[in-house]
Structures are given as structure tokens and as C-alpha cells.
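Just below is one structure, and these are the notes that go with it.
There are 2 protein chains.
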Amino acid sequence: MITLAEENYLKAILKLSKNSEDSVSTNAIAEELDTKASSVTDMIKKITDKQLVDYVPYRGVSLSKSGLKKAIEIVRKHRLWEVFLVTKLQFKWDEVHDIAEQLEHIKSQKLVDALDAYLGYPQHDPHGEPIPNKDGQFPKSFSKRLSELEKGSSGQVVGVSQDNQSFLQYLNSLNITLGASISVIQKIDFDDSLEITINNKSAHISNDVARNLLIKQK
Amino acid sequence: MITLAEENYLKAILKLSKNSEDSVSTNAIAEELDTKASSVTDMIKKITDKQLVDYVPYRGVSLSKSGLKKAIEIVRKHRLWEVFLVTKLQFKWDEVHDIAEQLEHIKSQKLVDALDAYLGYPQHDPHGEPIPNKDGQFPKSFSKRLSELEKGSSGQVVGVSQDNQSFLQYLNSLNITLGASISVIQKIDFDDSLEITINNKSAHISNDVARNLLIKQK
DNA sequence: TTATAAATTTAGACAAATCTAAAAATTAAA
DNA sequence: TTTAATTTTTAGATTTGTCTAAATTTATAA
């Protein structure tokens, strides 16, 4: 049986290892989970014993096959519940994260599948993040980061790659919502910030923000 | 902050104290939660310190005002999630208990209220149990136990007062469902069992079963 | 290449929730 | 009303997940 704390570690490791093979450092996990490095080492030993991760002392951890499967299941549940909260219960996209953090740990395969069907097998959550299917496969994405677009090019907002509340609220204040049209007017060299238009109204955003906005070009 | 274990103790105490004033014994709680009496004593001390219960050593516990409020909130959440699972996700009434046991601990007042509204403010769960409203008030019930009906009288099934899976499955096998019409044909004196008809088909049920079936007469 | 800084692990402790075994209090019975 | 049975509590231990402080390993820089 996998515990709630263990699930959170698996999720953190998945999030930190973009390429699911490469290993993640103890400190990175500690920062992600807002805990101490020594606690992380302790927990890594436990999940190593359960063969959920591969671990080389001082060299970091990576998800095993079964650990990756578990982690993807949690992400799937998190994102499906977010869709439920927004599309059925009328929550705003910046209000759902904390509740989904709880709901993602509910254990029932039948519930997840029924929820998926009820929601119409959505491919993306309200932040534009892809939802893995029952077999753990992610839908292919055709989006780019706004920071990667050339001057003069444009597209539509299809997601964010970070979903903390203050970031989402900042986006709201700029009228940057899912589906909004964005064009890159100017790229400022010395700090990589951007002059853009959002639905034809101009704005100035930092590279930090641009890096976390996912854009689909026509 | 109230922990998951504490919530389960409050719920058990509420369930065991029909009249919410009278006190509940240590052993009764241990049996209800399938744990040891010594563990119960330990936990009672913790929730006493938090003023969730009133406790007199060797004399049992009763819910305090705030403890009762908490316990009713948990029951409300449990029953609303059961309604969700049955009416929206097409679960059977005998499949929802274990999942609702998990969902009842999700913490978000906004979620509970939004769910309540989404479900149309239901007054009863799929087992016929009353759902307390936002203020903790239970809807009035006009049902009687089948075991209390006179020979010759009849009514409709509106609920059960026990919801373990094997009981509900037994009811299913007898075609006793919510809304089914039941008439009392004969009461057998020596064991208090009953000859009844269910939607005009005859059956014989024990007093044990009859005591747990809630009937509404016209 | 050796010294220093940074990252990681180990050792030992703590709180939560549980357990077993023994002691104390209450209830029931002779 | 004294004894026996039952219930409840206490004492001490265990597991999980965390912490601080110290030790060890790895990385960096002079």
C-alpha cells in the first residue's frame, strides 16, 4: 500500500524530471515539497525499498517503471478533478489547485474512470496541461512557450506550465485567459522581456511569465 | 487543525449516540472503529483537549457543541458525495460507501456548498439517510421501520438504517430497491419475521432485515 | 591539487496514532 | 457485602514522517 506522503514524493519527482529517465537531486525535492533534505533522504529510502524509484546515494533518484505509472495516475486524477471543479461546479481556474491536491489521493480506479467518462474524456485541464489517459499516455501537444516565439508571430493561449495561485491571478489581471490571442510586438534584449498584445491590447511581460505561457500557433 | 483520525472518532461518537447528549462508552467506540480500547482512551484525551468532546474517565464521552458541528459536517459531506456518485457517475447504491469514506475528509467549505447546489440540494442520500443542510439541520423524516408496521399495512421503501455492503446486496437480491412497494402479509410471532410482498411478489424476511428498512406510508 | 564550499546522508529526537500487557476502577454476582 | 468479572486506563513500545545537528561525500576554486 502506498501512503499519501509517498504519493506526494512520486509526484514531485515526476514534476522535476522533465525527461523521465534523468535523476532528481535531494535538494530539489526538498524545495519542491517544502521540507528538509534529511527528510527527503529518509523517504527516498522507503520508496526505494518499495521499488518505486531507483536511487544511488549522493547521485539522486529517478522513477522506476512502477513509480512512473503511479505518479502519472496521480497527475491524471489531479487534472480530471480540476476539470470537474471548473466545468461542473463553476470554480475559477485559479481556485482549484488546493482542492485537487486533496482529491488526487482518493483511491478508486472505478471512480477515476467514471469521472473521466462523465467529463467527456478531456485532454487538457483548465490550465491547459495535458491529461494522461487510462493507459498513462499523454496527448501530443503542439504548443510552444511564449518566450520561444519570434518577434511578429502570434497564436492562442492554450495553457500554463506553472499553476500557483498568484501566477494565475496575475494572468487574470492582464486578461490573459485560455484562448486569448497573443502577438509578440517586441523582444527586449537585455532582460528577455516582451512587448505583446493580448486580444489587441498591448502589455509588457517578463521572461519569467513568458516562459510559463503555452501558445499554439496556427 | 483537525486530523483524519480525529474526524473518524467524532463520526463514530455521533453514530453511537442516538440522542446527541448521552455519552458513549470506550468499548463501543473501539468496536465501531475496529480498534483497541486503549487506543480509544488515548484519542479521547486528544479530542478532549481540543474541546471537541466532554469526557469523564470511566464514564464515557459525549460530543461538545463544536464536536457535534464537526461530526454533522462530515456526515453531510459523506452523504452528498454518495448522491454524486449514484446520480452523476452511475454507481450502484451498494458501491459508494468506501469511496464516500474517503471523500468525506476533503476540506473545502466552498466545495461542499457547490456540490450541494450542483446536486439540487438533495434531502436524502441513496440509502434514504437524511442529509443535514449547511446549518447542520436534518430534514424531518416521516418514515417508519418496516418492523413497526401492522399486518395488512403497506408503503414504499425510502431508505435503510444500516449500509454495509452485504446487507445492501441482500436487498438487491430480493429486488428491494428505493421506491419499491411493500405490504405486510403476515407477522410471525415466535421470531418476529415477516411475510411481505415486494412489488406484488411475496417474500419472507427476518426481523433483523425489517428493522433496517425505512418505509413511508401514504 | 589541495582547501573550501555545497550537497547529501547519518544519528538521534519528536509527535501522531496505534498496539500489548498490566493496573485500576466499575459493575455484577454469589 | 465481599468476590469475581468486566470495563477502562496507564505504562511502555512501535511505525510513520518529520526535524536539527553533525558527519560525510562531492563539487568548486584558488
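Chains as they are written, first to last, in our numbering: chain A, -11 to 206; chain B, -11 to 206.
Beta carbons are placed, not taken as given, at the ideal position from N, Cα and C, and that holds for glycine.
For residue i, which residues of its own chain have a beta-carbon under 6 Å away from its beta-carbon, when the five flanking residues on both sides are left out?
i	result
Leu162 (chain B)	Ala191
Val146 (chain A)	Gly116, Ser131, Leu202 and Lys204
Ser5 (chain B)	Val12
Thr36 (chain B)	Tyr43
Leu103 (chain A)	Leu68
Met31 (chain A)	Tyr(-3)
Classify residue i as buried or exposed, calling it buried when 16 or more other Cβ atoms lie within 10 Å of its own Cβ.
i	result
Ser26 (chain B)	exposed
Phe178 (chain A)	exposed
Ile176 (chain B)	exposed
Lys80 (chain A)	exposed
Ser50 (chain B)	buried
Met(-11) (chain B)	exposed
Leu208 (chain A)	Chain A is shown from -11 up to 206; residue 208 (chain A) falls before or after that span and cannot be answered.
Ser55 (chain A)	The sequence given here places Gly at residue 55 (chain A); Ser does not occur at that position. Label assigned to Gly55 (chain A): buried.
Lys(-1) (chain B)	buried
Glu136 (chain B)	exposed
Ala105 (chain B)	exposed
Asp151 (chain A)	buried
Thr75 (chain B)	exposed
Gly108 (chain B)	exposed
Arg67 (chain A)	buried
Glu92 (chain B)	buried
Glu9 (chain A)	exposed
Leu73 (chain A)	buried
Glu83 (chain A)	buried
Glu61 (chain A)	buried
Glu89 (chain B)	exposed
Leu(-8) (chain B)	exposed
Asp113 (chain B)	buried
What does DSSP give as the partner residue(s) for residue i in the beta ladder?
i	result
Gln144 (chain B)	B:Ser169 and B:Lys204
Asp42 (chain A)	A:Ser50
Ile60 (chain B)	Looking at the DSSP assignment, Ile60 (chain B) forms no beta bridge with any residue, so it has no partner.
Ile32 (chain A)	DSSP, once it has assigned bridges, lists no residue as partnering Ile32 (chain A).
Pro118 (chain A)	A:His112
Ala191 (chain A)	A:Ile184
Val12 (chain A)	A:Val49
Arg133 (chain B)	B:Leu202
Lys175 (chain A)	A:Leu182
Going along chain B, which residues have a C-beta under 8 Å from residue i?
i	result
Ser96 (chain A)	Asp86, Ile87 and Gln90
Lys80 (chain A)	Ordered by position in chain B, no residue passes the 8 Å Cβ test against Lys80 (chain A), which lies about 11 Å from the chain.
Leu156 (chain A)	Here the premise fails: no neighbours, minimum Cβ distance about 16 Å.
Ile2 (chain A)	The sequence shown places Leu at residue 2 (chain A), rather than the Ile named in the question. Within chain B, no residue comes near Leu2 (chain A); the closest Cβ sits about 23 Å away, beyond 8 Å.
Keeping to the same chain, check which residues put their C-beta closer than 8 Å to that of residue i; ignore five residues upstream and five downstream.
i	result
Lys34 (chain A)	Glu(-6)
Arg133 (chain A)	Ser149, Ala198, Arg199, Asn200, Leu201, Leu202 and Ile203
Leu207 (chain B)	Since the displayed chain B opens at -11 and closes at 206, residue 207 (chain B) lies outside it and no answer follows.
Ile170 (chain A)	Leu134, Ser142, Gly143, Gln144, Val145, Ile164, Ile184, Thr185, Ile186, Leu201 and Ile203
Lys139 (chain B)	Val172, Ile173, Gln174 and Lys175
Ile94 (chain B)	Lys65
Val44 (chain A)	Ser11
Leu21 (chain A)	Asn(-4), Tyr(-3), Ala0 and Val28
Lys24 (chain B)	Ala18
Asn188 (chain A)	Ser169
Leu156 (chain B)	Trp81, Asp82, His115 and Val148
In its own chain, which residues sit with a C-beta less than 7 Å from the C-beta of residue i, not counting the 5 before and 5 after it?
i	result
Gly167 (chain A)	Gln144 and Val145
Ser141 (chain B)	Val172 and Gln205
Ser129 (chain B)	Pro118
Ser194 (chain A)	Ser181
Ile87 (chain B)	Leu73
Gln111 (chain A)	Pro118, Ile119 and Pro127
For a contact defined as C-beta to C-beta under 7 Å, what are the partners of residue i on chain B?
i	result
Tyr106 (chain A)	Lys76 and Leu77
Can you name the residues of chain A whose CB is closer than 8 Å to the CB of residue i?
i	result
Leu218 (chain B)	Here chain B covers residues -11 to 206 and nothing more, so residue 218 (chain B) does not appear.
Leu68 (chain B)	Within chain A, no residue comes near Leu68 (chain B); the closest Cβ sits about 12 Å away, beyond 8 Å.
For residue i, go through chain A and note every residue whose CB falls closer than 7 Å to its CB, in chain order.
i	result
Leu56 (chain B)	What Leu56 (chain B) touches in chain A: nothing, since even the nearest Cβ is about 24 Å away.
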